[in-house]
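Working notes, beginning with the structure itself.
Protein chains: 2
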Amino acid sequence: MSTPAIPRRQRRHDPGRRDRLIDAALTVIAERGVAGTTHREIARAADVPLGSMTYHFASLEEVLAEAFTRHADAVARVFDERLSAARDRDEAVEAVITLVADDLLGSRHDLVLTAELYVAAARNPALLAVTQAWMARSRQALERHFDATTARELDALIEGLTLHSALSTDPMTPEQIRHAIHRYLR
Amino acid sequence: MSTPAIPRRQRRHDPGRRDRLIDAALTVIAERGVAGTTHREIARAADVPLGSMTYHFASLEEVLAEAFTRHADAVARVFDERLSAARDRDEAVEAVITLVADDLLGSRHDLVLTAELYVAAARNPALLAVTQAWMARSRQALERHFDATTARELDALIEGLTLHSALSTDPMTPEQIRHAIHRYLR
DNA sequence: GGCCGATACGTACAAGCGTACGCAATATAT
DNA sequence: ATATATTGCGTACGCTTGTACGTATCGGCC
Chain A
95 MSTPAIPRRQ RRHDPGRRDR LIDAALTVIA ERGVAGTTHR EIARAADVPL GSMTYHFASL
155 EEVLAEAFTR HADAVARVFD ERLSAARDRD EAVEAVITLV ADDLLGSRHD LVLTAELYVA
215 AARNPALLAV TQAWMARSRQ ALERHFDATT ARELDALIEG LTLHSALSTD PMTPEQIRHA
275 IHRYLR
Chain B
95 MSTPAIPRRQ RRHDPGRRDR LIDAALTVIA ERGVAGTTHR EIARAADVPL GSMTYHFASL
155 EEVLAEAFTR HADAVARVFD ERLSAARDRD EAVEAVITLV ADDLLGSRHD LVLTAELYVA
215 AARNPALLAV TQAWMARSRQ ALERHFDATT ARELDALIEG LTLHSALSTD PMTPEQIRHA
275 IHRYLR
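Put into structure tokens, the structure is as follows:
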């Protein structure tokens with residue numbers, strides 16, 4: 095009776111745990127979906143005790159909101175960067191192609207997160223706002239090189255090409271992506 | 095002690111209950127999402143006792159699969175009909191515009207169901223098969239009037255325009271939809 | 001160097017879940 | 001008309017969930 099079966103785990107000094115938890119949440123969402131995302135699952139992914147979740151977040155909703163905000167920001171940042179690096183329209187077109195073929199289609203993780211966000215946004219006003227801010231930012235980035243109407247339509251095309259490829263058995267190749275975008279912008 | 099508080103509900107003769115349950119499931123999915131879809135919620139929506147769910151379906155997964163299959167079939171049927179009614183390319187273009195502006199964007203219910211299906215398909219092979227069969231059928235319908243490459247790209251554009259409008263604060267007007275499609279097919 | 005607020009950790013609890021199952025009633029076959 | 005299979009109905013059970021909360025421990029300010 096001297097050694098209790100489960101000794102208390104040693105306390106860790108862990109600043110930035112909140113941040114890690116948000117990242118862990120994104121991992122869990124991508125792997126199990128929003129439906130399978132629970133306090134316990136996130137805590138397990140981040141290797142922290144359950145109680146840590148309720149300490150850092152008021153509710154599971156709050157975790158989701160922070161996680162999706164982070165995801166949207168990250169993707170939007172890449173979008174911004176690629177398009178601001180382009181110095182003329184031709185380069186901008188290439189940037190868009192790279193964006194779709196490499197950045198978006200390259201990461202199943204991000205792809206799934208985006209789809210999950212869209213569905214969650216249908217029922218959660220806070221997440222809808224995140225989505226709309228993201229869309230506005232993308233359009234704005236496109237408007238550096240294209241007129242407003244083209245930017246909007248192009249944004250929709252990007253969305254469609256991405257989603258479509260993500261779900262398909264034979265996703266479009268980079269050349270096919272290039273073809274579609276050139277055809278639209280021809 | 096002669097009158098039990100809750101008398102047994104009178105038994106109903108209800109052939110086709112299984113069908114009604116599948117429809118109820120679609121209603122619940124659209125309103126609460128796959129995550130919020132439970133045996134009890136579906137039973138409540140269809141006004142049947144909980145036990146009826148386990149009698150008619152082996153599992154909740156089975157309910158979801160049947161429901162999404164029905165949804166995909168219904169949307170694909172409209173797609174087929176509009177495109178087979180078109181007798182030349184111009185009419186086909188008009189059919190596509192109507193499809194997007196009226197049929198797809200007209201029903202928030204169907205819109206949400208489609209998004210839910212996509213997300214669910216990412217983690218459920220049976221639902222992925224449903225999605226892919228649906229996509230193949232859409233493409234085939236488009237190929238009545240357009241070459242294979244155009245059909246595929248157009249299908250993606252349709253997807254993007256729909257999803258984009260669904261999420262936007264100011265969805266595209268029918269005229270804007272028309273403009274985008276004409277621009278691509280010009 | 002000692003306090004104390006911030007953080008870490010474990011656990012308890014009520015609610016809701018999927019599913020199983022027993023019994024009742026009726027449609028249908030004989 | 002009787003028997004039988006099908007369908008309807010209620011409820012119980014074990015499990016997971018979100019959340020609350022008591023206690024332990026430490027970093028950083030005086």
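Just so you know, the sequences run in chain order A and B.
The numbering of the first sequence is our numbering, which starts it at 95 and goes up by one.
The numbering of the second sequence is our numbering, which starts it at 95 and goes up by one.
Glycine is no exception: its CB is placed at the ideal position from the N, C-alpha and C atoms.
- If you look at Phe173 (chain B), you'll find it in the alpha helix (DSSP H) that goes Leu154 to Ala179.
- Closest option to Ser232 (chain B), judged by alpha-carbon separation, among B:Ala220, B:Ala250, B:Ala195 and B:Asp182: B:Ala250.
- Interface criterion not met: the Cβ of Arg112 (chain B) is under 7 Å from no Cβ in chain A.
- At a C-beta separation below 8 Å, Arg277 (chain B) has these neighbours in chain A: Glu247 and Tyr278.
- Residue contact check for Leu236 (chain B) against chain A: no CB pair falls below 7 Å.
- In this structure the segment 161-180 of chain B lies against the segment 198-211 of chain B, because at least three pairs of beta carbons, one per stretch, are closer than 8 Å.
- In the structure shown, Asp117 (chain A) falls within a helical segment according to DSSP collapsed to helix, strand and coil.
- His165 (chain B) counts as buried, since no fewer than 16 other beta carbons sit within 10 angstroms of its beta carbon.
- Three or more pairs of CB atoms, one per stretch, sit closer than 8 Å, so the segment 234-247 of chain A contacts the segment 183-201 of chain A.
- By the Cβ-count criterion, Arg176 (chain B) is buried, with 16 or more other Cβ atoms from all chains shown falling within 10 Å of its own Cβ.
- In this structure, the beta-carbon distance from Phe162 (chain B) to Val122 (chain B) does not fall below 7 Å.
- For Val224 (chain B), the uninterrupted alpha helix (DSSP H) run begins and ends at Pro219 to Leu236, by DSSP.
- Sequence-distant partners of Ala215 (chain A) (beyond 5 residues in either direction) whose C-beta falls short of 6 Å from its own C-beta, in its chain, are Leu221, Leu222 and Thr225.
- Following the DSSP letters along the chain, one finds Asp204 (chain A) inside the alpha helix (DSSP H) bounded by residues Arg202 to Ala215.
- Remark: C-beta atoms of Val194 (chain B) and Leu279 (chain B) do not approach each other more closely than 7 Å.
- Taking 7 Å as the CB threshold, Gly145 (chain B) stays off the interface with chain A.
- In this structure, Val157 (chain B) keeps its C-beta atom at 7 Å or more from the C-beta atom of Ala129 (chain B).
- By the CB criterion at 7 Å, Glu253 (chain A) and Ala274 (chain B) fall outside the cutoff.
- At a C-beta separation below 7 Å, Val128 (chain B) has these neighbours in chain A: Ala129.
- In this structure, DSSP gives Asp196 (chain B) a helical state, which the three-state scheme calls helix.
- In chain order, Leu205 place their CB closer than 6 Å to the CB of Ala260 (chain B), counting only its own chain and leaving out the 5 sequence neighbours on each side.
- Taking 7 Å as the cut-off between beta carbons, the residues of the segment 205-231 of chain A near chain B are Val206, Ala209, Glu210, Tyr212, Val213, Ala215, Ala216, Arg217, Thr225, Gln226 and Met229, in sequence order.
- Using beta-carbon distances, Ala274 (chain B) counts as an interface residue toward chain A, with a partner under 7 Å.
- Residue environment: Thr131 (chain A) is assigned as buried (16 or more neighbouring CB atoms within 10 Å of its CB, all protein chains considered).
- Ala139 (chain A) counts as buried, since at least 16 other C-beta atoms from the protein chains shown sit within 10 angstroms of its C-beta.
- Each of B:His133, B:Thr244, B:Pro268 and B:His276 was checked against the Cα of Ser153 (chain B), and the nearest Cα belongs to B:His133.
- Look at Met147 (chain A) here: in three-state DSSP terms it is helix.
- Between Ala124 (chain A) and His203 (chain A), the C-beta spacing is below 7 Å.
- For Gln104 (chain B) and Glu155 (chain B), the gap between their C-alpha atoms comes out near 30 Å.
- Thr267 (chain A) and Arg126 (chain A) have their alpha carbons spaced roughly 27 Å apart.
- For Ala129 (chain B), there is no enclosing alpha helix (DSSP H), as DSSP marks it with neither H nor E.
- At least one CB atom of chain A sits nearer than 7 Å to the CB of Gly254 (chain B).
- For Gly254 (chain B), the enclosing alpha helix (DSSP H) begins and ends at Ala242 to Leu261.
- Chain-ordered, the chain A residues with CB closer than 8 Å to the CB of Ser262 (chain B) read Gln226 and Met229.
- A distance below 8 Å between beta-carbons, with the five flanking residues on each side excluded, links His276 (chain A) to the following residues of its chain, in chain order: Val187.
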